[in-house]
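Visitor:
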Ligand code: ADP
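Residue numbers (the numbering used here): 51 to 461.
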């Protein structure tokens, strides 16, 4: 049983084809620069097969998906003899608002609810929808599912998701904390409980998803009870180019003084802030870490601010959950940066966190593990995230009836 997973961004399409009998990756790739000059498709057979690039014009998402499907059945580069071998397609959908607390099979109601959420995620939900519409046209009989970034955080209590604004803004506009990266926080917290050999229902895990976007979540007994991203993916941790938490009055001050429009301030906070804005050097932590701590004062400062914010959230989420069993680092930075992990975890022994610095140095590039000292009360774990696999698994559970098609709840 093969399942195709699609993650359609505004100008990209990520795809992975899974054989669900053994959960192996048959093919994967990325369509770059959809609808722009210089578009191309990087495609590989298997999870780690050789990458080859197809330089071809990709005019829109439908065209991109069509070209991906053709690659999958192409004699030389493909892995299928016919598209009938794809039983279902799972889509990553960024925002499901308050309507979705689980993954669902796509029907007209779901499509209309995802459209209703466009206002919450104007850059993300429209390309997600384009992907769904393209598959409906290209493979009209195939079942499709939507797996939402926000769904896992729908368990947050009101005290965690409400902002202290006039209540009308929640009632009328649904302004509240939604949280993102839910698929990753779900996968990683579950895996962390497995690594600790404690039942997920009893585990208290703090998951730090540190990639291009960064968020942290408190997962208590298998449910998200708080998370750092908010109404949009701008709140919380310092990110590559996003500022994370700031005093909201700063926005008004800058807008007035520099006469910025709403679009311009949005751009400043989302695209020119974070470690890029602080260092003036790069949004990529690999660059800032090169030669650390002797690279530059600004690179060190950016790394310090970035790591300090994570540390502050870890402390607060321990308070939220009345302790925790483990802190799990994941995604590009979390899985690969011993430097960030060491700055974050230094001098947290008061809270029971103690890492073994040698183990920390050795744990990266796909290595998973517990990097704590034997006596640490709170374990520090490095866990590889796999959002695509979760999407494929949910899709399989939906089409085989283990999850309710409309709520995503176990049947
Ligand atoms: P996304 O959020 O797009 O899924 P990833 O989880 O792939 O992103 O993370 C990408 C980020 O991971 C890059 O911006 C890069 O800064 C960081 N990264 C990758 N490898 C390393 C490394 N070895 N050291 C530090 N940071 C790394």
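Note that beta-carbon positions come from the ideal geometry of N, C-alpha and C, so glycine has one too.
Which of the three DSSP states is assigned to residue 404 in this structure?
Guide: Start at 1 with the first residue of the chain shown, and residue 404 comes out as number 354. Looking at residue 404 - three-state DSSP - the assignment turns out to be coil, as it is neither helix nor strand.
Visitor: In angstroms with no decimal places, state the Cα-to-Cα distance between residue 287 and residue 109.
Guide: The sequence position of residue 287 within the chain shown is 237, counting from 1. The sequence position of residue 109 within the chain shown is 59, counting from 1. About 35 Å.
Visitor: Taking a cut-off of 6 Å, which residues have a beta-carbon closer than that to any heavy atom of ligand 1, in chain order?
Guide: Those satisfying the condition are, in chain order, 261, 262, 263, 290, 334, 335, 336, 339, 381, 382, 383, 386, 387.
Visitor: Using the three-state DSSP reduction, which class does residue 72 fall into: helix, strand or coil?
Guide: In the chain shown, the residue the question calls residue 72 occupies position 22. Correct three-state label for residue 72: coil.
Visitor: Starting from residue 113, trace the alpha helix (DSSP H) both ways and give me its first and last residue.
Guide: Taking the first residue of the chain shown as 1, we reach residue 113 at position 63. Where residue 113 is concerned, the enclosing alpha helix (DSSP H) stretches over 111–123.
Visitor: Ordered along the chain, which non-local residues of its own chain (more than five positions away) have a Cβ less than 8 Å from that of residue 188?
Guide: If you number the chain shown from 1, residue 188 lands on position 138. Correct list, in chain order: 112, 115, 116, 119.
Visitor: Let me know if residue 146 comes out buried or exposed under the rule of 16 or more other beta-carbons within 10 Å of its beta-carbon.
Guide: Position 96 of the chain shown, counted from the start, is the residue given in the question as residue 146. Counting Cβ neighbours within 10 Å, residue 146 comes out buried, since at least 16 surround it.
Visitor: Can the beta-carbon of residue 140 be found less than 9 Å from the beta-carbon of residue 441?
Guide: The residue you call residue 140 lines up with position 90 of the chain shown. The residue you call residue 441 lines up with position 391 of the chain shown. Their beta carbons are under 9 Å apart, which means residue 140 touches residue 441 by this criterion.
Visitor: Across the region 400–413 and the region 349–361, are there enough close Cβ pairs to call them in contact, namely three or more that are closer than 8 Å?
Guide: As far as the Cβ criterion goes, the region 400–413 does not touch the region 349–361, which means the pair count is below three.
Visitor: Do residue 254 and residue 371 have their beta-carbon atoms positioned less than 9 Å apart in this structure?
Guide: The residue you call residue 371 lines up with position 321 of the chain shown. The residue you call residue 254 lines up with position 204 of the chain shown. Yes.
Visitor: Going by C-alpha distance, which of 167, 328, 376, 68 is nearest residue 271?
Guide: By one-based count along the chain shown, residue 271 stands at place 221. Of 167, 328, 376, 68, the residue nearest in Cα terms is 376.
Visitor: What whole-angstrom Cβ distance do residue 248 and residue 195 have, given they're in contact under 8 Å?
Guide: Residue numbering aside, residue 248 sits at position 198 when the chain shown is read from its first letter. Residue numbering aside, residue 195 sits at position 145 when the chain shown is read from its first letter. Wrong, their Cβ atoms sit about 30 Å apart, outside the cutoff.
Visitor: Please state whether DSSP places residue 258 in a helix, a strand or coil.
Guide: In the chain shown, residue 258 corresponds to position 208, counting from 1. Strand at residue 258.
Visitor: Given a cut-off of 9 Å on the beta-carbon distance, is the pair residue 445 and residue 144 in contact?
Guide: Looking up residue 445 in the chain shown gives position 395. Looking up residue 144 in the chain shown gives position 94. Not in contact: residue 445 and residue 144 (Cβ atoms no closer than 9 Å).
Visitor: Would you tell me roughly how many angstroms separate the C-alpha atoms of residue 76 and residue 437, rounded to the nearest one?
Guide: As a first step, residue 76 is located in the chain shown; it is residue number 26 there, counting from the start. As a first step, residue 437 is located in the chain shown; it is residue number 387 there, counting from the start. For residue 76 and residue 437, the distance between alpha carbons rounds to 16 Å.
Visitor: Between which two residues does the alpha helix (DSSP H) harbouring residue 209 extend?
Guide: Against the chain shown, residue 209 aligns to sequence position 159. 208–211 is the extent of the alpha helix (DSSP H) around residue 209.
Visitor: Within the continuous alpha helix (DSSP H) that includes residue 264, where are the two ends?
Guide: The residue given as residue 264 occupies position 214 in the chain shown. Not the alpha helix (DSSP H): residue 264 falls in the beta strand (DSSP E), residues 264–270.
Visitor: Please confirm whether residue 404 and residue 387 have their CB atoms less than 9 Å apart.
Guide: Counting from 1 along the chain shown, the entry for residue 404 is found at position 354. Counting from 1 along the chain shown, the entry for residue 387 is found at position 337. Cβ distance not < 9 Å, so residue 404 and residue 387 don't count as in contact.
Visitor: Alpha carbon to alpha carbon, what distance is there between residue 221 and residue 369?
Guide: To locate residue 369, count along the chain shown from 1; it is residue 319. To locate residue 221, count along the chain shown from 1; it is residue 171. Each residue's Cα considered, the two are about 29 Å apart.
Visitor: Would you mind stating whether residue 417 and residue 432 have Cβ atoms separated by less than 9 Å?
Guide: For this step, residue 417 is matched to residue 367 along the chain shown. For this step, residue 432 is matched to residue 382 along the chain shown. Result yes, Cβ atoms of residue 417 and residue 432 sit closer than 9 Å.
Visitor: Going by DSSP in three states, residue 134 sits in which element: helix, strand or coil?
Guide: Position 84 of the chain shown, counting from 1, holds the residue named residue 134. If DSSP states are grouped into helix, strand and coil, residue 134 belongs with the helices.
Visitor: For the region 219–239 and the region 277–284, state whether three or more C-beta atom pairs, one from each stretch, are separated by less than 8 Å.
Guide: Because the criterion of three Cβ pairs below 8 Å is met, the region 219–239 and the region 277–284 touch.
Visitor: Just reading off the beta strand (DSSP E) that residue 429 is part of, what are its end residues?
Guide: For the purposes of this step, residue 429 is identified with residue 379 of the chain shown, where counting begins at 1. Taken as a continuous stretch (DSSP letters only), the beta strand (DSSP E) holding residue 429 covers 429–432.
Visitor: Measuring CB atoms only, is the region 318–331 touching the region 290–305, in the sense that at least three cross pairs come out at less than 8 Å?
Guide: Yes, the region 318–331 touches the region 290–305.
Visitor: What does a CB cutoff of less than 6 Å around residue 427 pick up in its chain, not counting 5 residues either side in sequence?
Guide: By one-based count along the chain shown, residue 427 stands at place 377. Around residue 427: 402.
Visitor: When we look at the beta-carbon of residue 218 and count the other beta-carbons within 10 Å, is it buried (16 or more) or exposed?
Guide: The residue given as residue 218 occupies position 168 in the chain shown. Residue 218 is exposed by the Cβ-count criterion.
Visitor: For the beta strand (DSSP E) that contains residue 423, what are its first and last residues?
Guide: Indexing the chain shown from 1 puts residue 423 at position 373. Where residue 423 is concerned, there is no enclosing beta strand (DSSP E), given that its DSSP letter is neither H nor E.
Visitor: Which residues mark the beginning and the end of the alpha helix (DSSP H) in which residue 102 is found?
Guide: By one-based count along the chain shown, residue 102 stands at place 52. Run containing residue 102: none in the alpha helix (DSSP H); it sits in the beta strand (DSSP E), 101–105.
Visitor: Can you tell me which of 454, 59, 215 puts its alpha carbon nearest to the alpha carbon of residue 298?
Guide: Residue mapping note: residue 298 aligns to position 248 of the chain shown, counting from 1. The shortest C-alpha separation from residue 298 is found at 215.
Visitor: Which ranges does the alpha helix (DSSP H) cover as unbroken runs of at least 4 residues, wholly within the region 277–310, from first to last along the chain?
Guide: Entirely contained in the region 277–310, the alpha helix (DSSP H) runs reaching 4 residues are, in chain order, 298–307.
Visitor: Can you check DSSP and say which residues form a bridge with residue 453?
Guide: Mapped onto the chain shown, residue 453 falls at position 403. For residue 453, which the question treats as bridged, DSSP gives the partners 460.
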